[in-house]
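Structure, as structure tokens:
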Amino acid sequence: RSSGLPISSLAAIGAMLPGESPLAFFLRTEADTATKEIAESAAVAEASGKDAFWKAGGKSKVDFLLEGVHIAQVEGKGRGLITRDAISAGTVVLRERALGAATIRPEDSDQPIVSAARVAAVVINAGHEKATRVLEPRPGREYAEHPVRAERLNELMHGRKLVRKEGANVHIATLEDEDIERLLLAITINAQGVSGGGRTHQGLFPEYGAMANHSSRPNLLLRGDIAMPPADESGGPVLGNGELQLVLQAVCDVEAGSELTVSYLGELYLPFAERDEQLREIYGFPADRRASDAGLEAMAPGKQAEGEAIQRLVAANSHASDAWDKAADLQAAGAPQDAIRKHRVIAAARYADVLNANLLAETHSWRYNATWRLASLLTQDDEPKSCAQALILWESAVRSGRRVWPSDLWPEHRRLLKGAQRAAKGAGEEVKAAEFAEKLLQIGNLMD
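For the sequence shown, this note's numbering assigns the number -8 to the initial residue and increments by one for each residue that follows.
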């Protein structure tokens, strides 16, 4: 993506002012695509510490950056985050406030372009659209030829109409339709969904947060926080009494010189085919493989996936997942408990069918989901006999998860440990409950 030309080469393309940075030149002149790529490359090369590559376009929103972490070219990926020094598990690497952010509403789940349009409107209304032009895809040929653009053109056009409707002001009036559609695609590809202030938000963090590449074995966890802006800074995407802040934190020890990566997907416990489909559809690149992938699709020893037995298994898993999702939707909508319980009973019965079929290996993704979900349903009433059954399931899920997670600090491990601790207490297994509590304390000491 980068030209490899030195900063001095910019002088041959246009008139840089004395002391002007490459990115400031780019923002001022809005030169052609080649010039933009050279300016970006030069700016990245000279970036150091908080002098991020887009900073010339506005005040930095980086509140903390771990010393030694920088942006560099990564083979086969473009730009990425690299650490010069070794990093210990639990270390906070970055705190960056959003350039634009919007709360994700429950009804947005089926139309992600809607929340992306709200973020775009915030960015444009604040006059920050130019600062996003160094994010993939950049204007011009890179946007025109991006693999996701053609597949989602109708969605981008719909989002553009929403942006113009939400943000009718002088900034939007100066933008062409293609400018808005490119911004929407840049948000889709680069924004992160994080929790903060008790709600889930989508935020754009272009200085460093958007530079973290995806991995199916990430060494960083991303989470959200609500941070107060500096006293001398006003405006910005305020949520409640502060601004959405991205926090990147190491979930394992990282060697010096390593790339720092996050997971772009909501779950890690997904088989390769599902990860690959999601990443290609949303981001336009394939999934990386893991050593544990075979186990996520493995059958139980001596079992084969064929005949009526596998058909019954597929049907049971489908019915269980539908009932589980319906119960979750009703819970979020504040529906009566009787309605929620009805679907939970269906989910429990069908997940029990998945496990009792005994066709899937313990590590299979369907069995993993059936295991921890049935465990949570058995634990919710704290009945001793049910908790004793649930405890066996919780421990099975923990064993399987540890094959996939980058470390025991991964949030899903903590969630399973909490379930196991509650089941152990309900079953009267005080020793095991104390062991789970100790593990949770150790995780909390590093990550909280």
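Note that the Cβ used here is the ideal one computed from N, Cα and C, for glycine as well. These numbers were taken from a predicted model, which means no experiment stands behind them.
Open item on the list: What residue range does the alpha helix (DSSP H) around Gln302 cover?
Closed with: Gly298 to Ala323
TODO: Measuring alpha carbon to alpha carbon, tell me which of Lys416, Ser398, Asp372 and Ser367 ends up nearest Ile434.
DONE: Ser398
- [ ] Out of Gly150, Glu169, Ala411 and Trp363, state which residue places its alpha-carbon closest to the alpha-carbon of Phe427.
- [x] Ala411
Task: Beta-bridge pairing of Ala63 - partner residues as DSSP gives them - done: Gly71
TODO: Quick one: which unbroken alpha helix (DSSP H) runs of 4-plus residues sit fully inside the stretch 326 to 371? Chain order, please.
DONE: 328 to 347 and 356 to 370
- [ ] Tell me, please, whether the CB atom of Arg129 is closer than 8 Å to any CB atom in chain C?
- [x] The structure shown contains no chain C; it is built from a single protein chain.
Task: Beta-bridge pairing of Val185 - partner residues as DSSP gives them - done: His192
Task: Beta-carbon proximity list for Gly248, same chain, < 8 Å, skipping 5 on both sides - done: Ile73, Thr74 and Arg75
Open item on the list: So, for Ala418: in the same chain, excluding its five sequence neighbours on each side, which residues have a beta-carbon less than 6 Å away from its beta-carbon?
Closed with: Pro375, Cys378, Ala379 and Leu382
- [ ] Classify Ala307 as buried or exposed, calling it buried when 16 or more other Cβ atoms lie within 10 Å of its own Cβ.
- [x] buried
Open item on the list: Just to confirm the assignment, what range does the beta strand (DSSP E) spanning Ala218 have?
Closed with: Leu211 to Ala218
Task: Reduced DSSP secondary structure (H/G/I, E/B, other) of Phe276 - done: coil
TODO: With a threshold of 16 other CB atoms inside 10 Å of the CB of Asn360, please say whether the residue is buried or exposed.
DONE: buried
TODO: Please confirm whether Ala289 and Val253 have their CB atoms less than 8 Å apart.
DONE: no
Open item on the list: Can you look up Glu421 in the DSSP assignment and give me helix, strand or coil?
Closed with: helix
Open item on the list: Going by the DSSP bridge assignment, what does Phe55 pair with across the sheet?
Closed with: Arg86
- [ ] Let me know if Phe213 comes out buried or exposed under the rule of 16 or more other beta-carbons within 10 Å of its beta-carbon.
- [x] Correcting the residue identity first, residue 213 is Leu in this sequence and not Phe. Burial call: buried.
Task: Same chain only: Cβ atoms within 7 Å of Gly286, ignoring 5 sequence neighbours per side - done: Ala352, Thr354 and Arg394
Task: Enclosing beta strand (DSSP E) for Gln236 [first to last residue] - done: Gly233 to Ala241
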